[in-house]
Amino acid sequence: MRRRLPILAVLLALVLIAAACAETTEDTTTTTTTEAPTATTEAPSDTTTTTEAAGPKTIIIGTTDTIASLDPGDAYAVHDWELIKNTGEGLLGWEPGELTLRTGLAAALPDISDDGLTYTFTLREGIQFADGLELTAPMYAEQLNRLLTIGPDCPNGVANALASPFFESITAPDDATLVFQLSRPVAFVPQLLATATFMPAHPDIFPADECVLFPEAPIYGVGPWYISEYTQAEQTVLEPNPYYTGDLKANVDRIIIRYFSDPQTMALAVQNGEIDVAWRLLGPELVSELEDVSELSVGTIDGGSIRYLILNWAIAPMDDLNVRKAVAAAIDRDELADVVYGGQVNPLYSQVPPGFLGASEIYDDLYASPDVDAALGYLAESGYSADNPVELELWYPPEHYGAATADWMALIEQQLEATGAIDVTLTAQEWSTYVTALTSGEAYAAGVLGWFFDFPDTSNYLEPFVLNGGLGTEVTDADNVPVNDQAQELLDLLDAASVETDLDARAGLYEEAQRVYAELVTTLPLFFEAEHVVYPAYVSMAGDYASPETLAIGPNLEFYYSVLDIDK
Amino acid sequence: MSPLSLIFLIIGIPALAGLIYIFVRGSTGLRRYIVTRIALTLPMILILATLVFFVMRIIPGDPVRSALGPKGSPETVARLRDQLGLDDPLLVQYGRFLGDMARLDFGRALTGGRRPIVDEMSERFPATLELVIPATALALIIGVVGGALAAAHRKRPTDYALRLYSVVIYSIPIFWLGLMLQLLLGVRLGWFPIAGRIDAVVGTTLDRTTNILVIDSAISGNWTALGSALWHLVLPVLTLGLILSGVFVRLTRINVIETLQMDYIAAARARGIRERVVVYGHALKNAMIPVITLIGLQVAILLAGAVLTETVFSWPGMGQYLVQRISARDYTAVQSVITMFAMFVALISLAVDIIYSLVDPRVRY
Chain A
78 MRRRLPILAV LLALVLIAAA CAETTEDTTT TTTTEAPTAT TEAPSDTTTT TEAAGPKTII
138 IGTTDTIASL DPGDAYAVHD WELIKNTGEG LLGWEPGELT LRTGLAAALP DISDDGLTYT
198 FTLREGIQFA DGLELTAPMY AEQLNRLLTI GPDCPNGVAN ALASPFFESI TAPDDATLVF
258 QLSRPVAFVP QLLATATFMP AHPDIFPADE CVLFPEAPIY GVGPWYISEY TQAEQTVLEP
318 NPYYTGDLKA NVDRIIIRYF SDPQTMALAV QNGEIDVAWR LLGPELVSEL EDVSELSVGT
378 IDGGSIRYLI LNWAIAPMDD LNVRKAVAAA IDRDELADVV YGGQVNPLYS QVPPGFLGAS
438 EIYDDLYASP DVDAALGYLA ESGYSADNPV ELELWYPPEH YGAATADWMA LIEQQLEATG
498 AIDVTLTAQE WSTYVTALTS GEAYAAGVLG WFFDFPDTSN YLEPFVLNGG LGTEVTDADN
558 VPVNDQAQEL LDLLDAASVE TDLDARAGLY EEAQRVYAEL VTTLPLFFEA EHVVYPAYVS
618 MAGDYASPET LAIGPNLEFY YSVLDIDK
Chain B
22 MSPLSLIFLI IGIPALAGLI YIFVRGSTGL RRYIVTRIAL TLPMILILAT LVFFVMRIIP
82 GDPVRSALGP KGSPETVARL RDQLGLDDPL LVQYGRFLGD MARLDFGRAL TGGRRPIVDE
142 MSERFPATLE LVIPATALAL IIGVVGGALA AAHRKRPTDY ALRLYSVVIY SIPIFWLGLM
202 LQLLLGVRLG WFPIAGRIDA VVGTTLDRTT NILVIDSAIS GNWTALGSAL WHLVLPVLTL
262 GLILSGVFVR LTRINVIETL QMDYIAAARA RGIRERVVVY GHALKNAMIP VITLIGLQVA
322 ILLAGAVLTE TVFSWPGMGQ YLVQRISARD YTAVQSVITM FAMFVALISL AVDIIYSLVD
382 PRVRY
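As given, the protein sequences belong to chains A and B, one line each in that order.
Read left to right, the first sequence gives residues 78 to 645 (my numbering).
Read left to right, the second sequence gives residues 22 to 386 (my numbering).
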């Protein structure tokens with residue numbers, strides 16, 4: 078009996094393994110895939126789906142981003158929005174490569190009521206999800222109402238930023254009409270509605286009463302693509318929507334997004350031909366290296382990611398306007414860009430980066446930075462000098478904005494101390510502790526932060542730093558009460574701009590708001606980071622779009638996969 | 022069934038069968054030893070998990086703030102902290118953690134979409150296994166062959182070269198070696214892919230069952246996928262395997278040298294047995310016993326090496342996951358991964374000890 082035991086044990090093991098394997102053949106967990114949708118009725122799209130003998134035309138795009146949520150009612154990250162925007166379409170959208178709005182699902186621009194509180198859209202005809210389901214206005218309204226019902230409690234909470242503060246209700250009086258009722262008039266409703274947040278989600282995939290961050294593939298939208306499969310941290314596969322009738326039809330048969338944990342590896346992968354496009358986030362150092370590779374093109378997009386110093390009104394020595402002005406005058410942004418980043422970032426002289434409505438260079442006009450004599454003059458007005466230097470504690474997170482942060486913060490320390498009248502103590506702090514302390518406005522007099530827009534509009538570069546405490550600037554308090562008359566003037570300008578629908582008038586208001594903002598020196602813009610897209614010669618654009626060198630990725634960083642073509 | 026469960030079945034059932042066999046056939050002392058080791062393993066894992074739980078909460082950092090950044094309003098931060106149970110007393114959180122761990126549930130990640138951690142590990146752990154098993158095999162082959170060769174040619178150029186190799190390779194930072202291999206064999210010569218587990222296009226043709234791609238492609242008969250998976254394994258396995266091989270070379274060498282000085286080896290030589298048979302047939306076999314012990318000890322180092330290797334090669338395994346979650350201060354995910362690693366190391370150590378006792382009849386418990 079004892080001799081038979083091992084044989085029995087091994088046999089038992091084999092039987093169990095076989096049973097386990099048999100059970101799992103019907104069950105895939107890590108990769109969610111199903112068959113491609115086929116049009117049961119004649120698909121109206123003339124989408125190119127030519128499958129050549131060499132196999133489907135595929136473009137592989139690399140990124141160091143990850144997927145955090147695929148639910149339009151929850152997603153609040155650049156890559157998530159990119160996937161949602163390529164698989165979906167909004168009432169309004171952006172022209173590829175430009176900051177110009179165009180109609181998407183809407184047949185025309187909206188009718189706006191005289192009080193600016195009601196926006197009425199008519200849907201264009203024949204909108205279908207990639208599985209053939211027709212989109213109606215009531216269905217769309219029900220999906221958008223998720224933002225107002227379950228949205229605020231979804232993990233990433235995009236609804237709290239982009240929906241709840243502005244929209245009171247969304248209704249559909251008939252199958253083709255959508256009515257947005259606002260709680261207060263705002264001029265940037267079109268920009269909001271062009272975000273991924275307001276794209277229709279498939280009702281069978283995203284139920285009305287639940288946030289579904291990672292639904293099983295296939296994930297259908299009404300856009301030019303659908304997600305046929307995705308494997309976390311490995312790849313996402315997109316295939317053309319056979320029912321798509323919009324302007325951005327797919328030109329290749331498949332897009333694969335490959336995820337990288339290390340930008341260096343992604344840079345090598347595009348050199349090695351393992352990916353066709355390297356997109357987000359390579360970093361300035363790697364971009365410099367890739368620019369030297371003759372087979373590759375590097376497209377530079379002056380994106381909206383800015384770095385700035387928070388100068389806290391409520392904490393000494395930044396409670397002194399002269400000190401804030403002195404800091405503004407002493408910092409040499411060109412040196413930061415050139416010495417630390419080899420010219421791969423751009424000096425920034427307003428909180429609003431170039432390209433946005435009304436953007437100016439007001440800090441350069443007011444403080445002619447660097448101007449050490451001017452800085453010493455401001456300090457002298459408050460009694461500071463080489464014998465009585467101002468003591469400034471400057472904080473930063475060492476990792477969150479990249480390894481170079483410590484270098485440029487050290488350079489800022491040198492520049493400030495070079496005045497001879499500012500004594501800087503540079504202190505690093507772990508990111509989450511840091512951001513809590515800085516934005517609460519109660520701990521740090523000065524510290525660095527970064528900002529990236531939620532929706533590409535000038536208001537998104539000014540209001541967050543002014544309203545309700547202003548993320549640690551304390552130019553207003555938590556109840557939005559301004560600290561002085563100038564701050565009140567700034568609030569009034571921002572209020573006026575937020576409801577002004579005439580673009581020229583709005584630009585003028587924002588220019589004036591930037592002037593007042595810079596006079597208050599509530600923040601000190603330093604530089605903005607460009608984004609880069611790297612690709613070989615065999616990747617091209619299929620149509621005539623703006624910014625061909627960046628594959629039609631514009632300042633809003635919208636990447637439409639449909640513009641891509643490949644000849645490999 | 023998740024890939025993780027399937028892998029546990031594939032590894033666990035034969036292991037259990039082996040354990041039953043040893044238990045039935047082994048001596049009373051060996052049985053007592055196995056029971057004691059298993060009994061000690063559980064408190065060891067508990068102590069480690071407890072340490073990780075409290076250390077993660079002592080070090081600075083908050084997962085909610087870390088994830089939301091400056092855009093997170095105080096209301097959103099408070100709501101999320103409440104939803105995640107981070108405002109509960111520490112002991113309540115600890116009790117919940119232990120309860121989840123006892124059910125092998127591990128709860129949900131605090132960041133990155135808050136998916137069940139078991140699901141995330143289920144995707145990641147097979148990738149790590151696919152990397153570390155061949156890397157260990159490579160390290161052993163190089164280490165044992167190289168060590169025996171060095172011992173057989175003691176104080177000759179081969180010996181010096183291999184000793185130098187073992188020291189140099191052990192001192193090289195793993196990420197540097199990985200990068201050099203990527204640049205040389207990947208970019209410069211174009212022989213091997215430098216990132217990922219499988220070609221992106223070929224990967225779409227593969228049905229995943231265990232998520233160990235070599236196995237999945239083999240059982241589904243997808244030979245293109247098998248070739249691609251093997252091809253993608255080369256550089257990461259080479260990186261991890263070479264780094265680990267240094268210590269095996271040195272250990273094997275010293276043990277073979279010691280064994281070669283023993284009486285029974287002298288007797289074998291006196292009987293006219295050929296030197297090759299003496300070294301590789303008699304001495305190496307006995308010298309392997311400490312090497313087997315070292316395999317158990319190296320598992321922890323292997324996993325640490327996998328963290329770096331996976332990052333360099335964008336290999337979506339547990340190591341890469343751990344790095345990402347530590348950065349995000351995701352307590353739940355980090356403590357779960359480390360607990361999982363601890364269990365893995367403990368089980369391998371147990372297996373090695375049992376094998377050790379079987380290989381060396383002198384060992385008594």
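Even for Gly, the Cβ is constructed at its ideal location relative to N, Cα and C.
Between D374 (chain B) and R58 (chain B), the gap from beta carbon to beta carbon is short of 8 Å. Beta-carbon to beta-carbon, W302 (chain A) and T164 (chain A) are separated by about 5 Å, close enough to satisfy the 8 Å threshold.
Within chain A, not a single residue places a beta-carbon under 9 Å from that of T226 (chain B); the smallest gap is close to 10 Å.
As the crow flies, the alpha-carbon of E608 (chain A) is around 52 Å from that of T273 (chain B). The residues Y426 and S427, in chain order, have a CB closer than 8 Å to that of E438 (chain A) in the same chain once the five nearest residues on each side in sequence are set aside. Put simply, the CB of D351 (chain B) is far from chain A, with every gap to its CB atoms at 8 Å or more.
For L255 (chain A), the closest of A:A264, A:P280, A:T274 and A:T197 by C-alpha to C-alpha distance is A:T197.
For L261 (chain B) against A156 (chain B), the beta-carbon gap comes to about 4 Å, under 8 Å, which counts as contact.
Scanning its chain for C-beta atoms nearer than 8 Å, with the 5 sequence neighbours on each side dropped, one finds around P466 (chain A) the residues G497, A498, I499 and D500, in chain order. About 15 Å separates the beta carbons of F529 (chain A) and Q268 (chain A), which is beyond the 8 Å limit, so they are not a contact pair.
Using a CB distance below 7 Å, the part of the segment 344-357 of chain A facing chain B consists of L345, A346, Q348, N349 and E351, ordered along the chain.
Nearest to A391 (chain A) by C-alpha distance, out of A:G546, A:P250, A:G460 and A:S246, is A:G546. With at least 16 other beta carbons inside 10 angstroms of its own, M486 (chain A) counts as buried. Each residue's CA atom was taken as its position, placing F243 (chain A) and G631 (chain A) some 26 Å apart. Within the segment 108-139 of chain B, the alpha helix (DSSP H) runs of at least 4 residues that lie entirely inside it are, in chain order, 111-123.
Around the beta carbon of P178 (chain B), a 10 Å sphere encloses fewer than 16 other beta carbons of the protein chains shown; the residue is thus reported as exposed. The C-beta of I195 (chain B) has 16 or more other C-beta atoms within 10 Å across all chains shown, which makes the residue buried. Sixteen is the threshold: since fewer than 16 other Cβ atoms of the shown chains lie within 10 Å of the Cβ of K645 (chain A), the residue is exposed.
For I408 (chain A), the closest C-alpha among the options A:V429, A:G300, A:G167 and A:F604 is that of A:F604.
When 8 Å is used as the limit between beta carbons, Q341 (chain B) is near these residues of chain A: A310 and S338, in chain order.
Scanning chain A for C-beta atoms nearer than 9 Å to the C-beta of G211 (chain B) yields N349 and G350, reported in chain order. In this structure I215 (chain B) is in contact with L345 (chain A), their Cβ atoms being roughly 5 Å apart against a cut-off of 8 Å. Only buried fits W336 (chain B), as 16 or more other CB atoms lie within 10 angstroms of its CB. Note on M283 (chain B): under 16 other CB atoms within 10 angstroms of its CB, so exposed under the neighbour-count rule. Think of a sphere of 7 Å around the beta carbon of S575 (chain A): no beta carbon from chain B falls inside it, the nearest being about 19 Å out. For the 8 Å CB-CB criterion, D621 (chain A) and N328 (chain A) do not form a contact. Within the segment 237-267 of chain B, I240 place their CB atoms closer than 9 Å to a CB of chain A, listed in sequence order. G128 (chain B) sits close to T353 (chain B), with the two beta carbons spaced by under 8 Å. Ranked by Cα distance from T272 (chain A), the options A:M618, A:P613 and A:W158 are led by A:W158.
For F604 (chain A), the three-state secondary structure derived from DSSP is strand. Contact check for P173 (chain A) and T274 (chain A): beta-carbon distance about 20 Å, past the 8 Å limit, so the pair fails to qualify. Membership of Y587 (chain A) in the alpha helix (DSSP H) is indicated by the continuous run L580 to L597. Counting only unbroken stretches of 4 or more residues, the alpha helix (DSSP H) elements lying wholly within the segment 201-273 of chain A are 214-226, 235-239 and 266-270, in sequence order. Distance from the CA of S94 (chain B) to the CA of R102 (chain B), rounded to the nearest whole angstrom, comes to 12 Å. In the same chain as L183 (chain B), and ignoring 5 residues on each side of it, the C-beta atoms closer than 8 Å to its own belong to G167, G168, L170, A171, V270 and R274, in chain order. Here DSSP, grouped into helix, strand and coil, assigns H609 (chain A) to strand.
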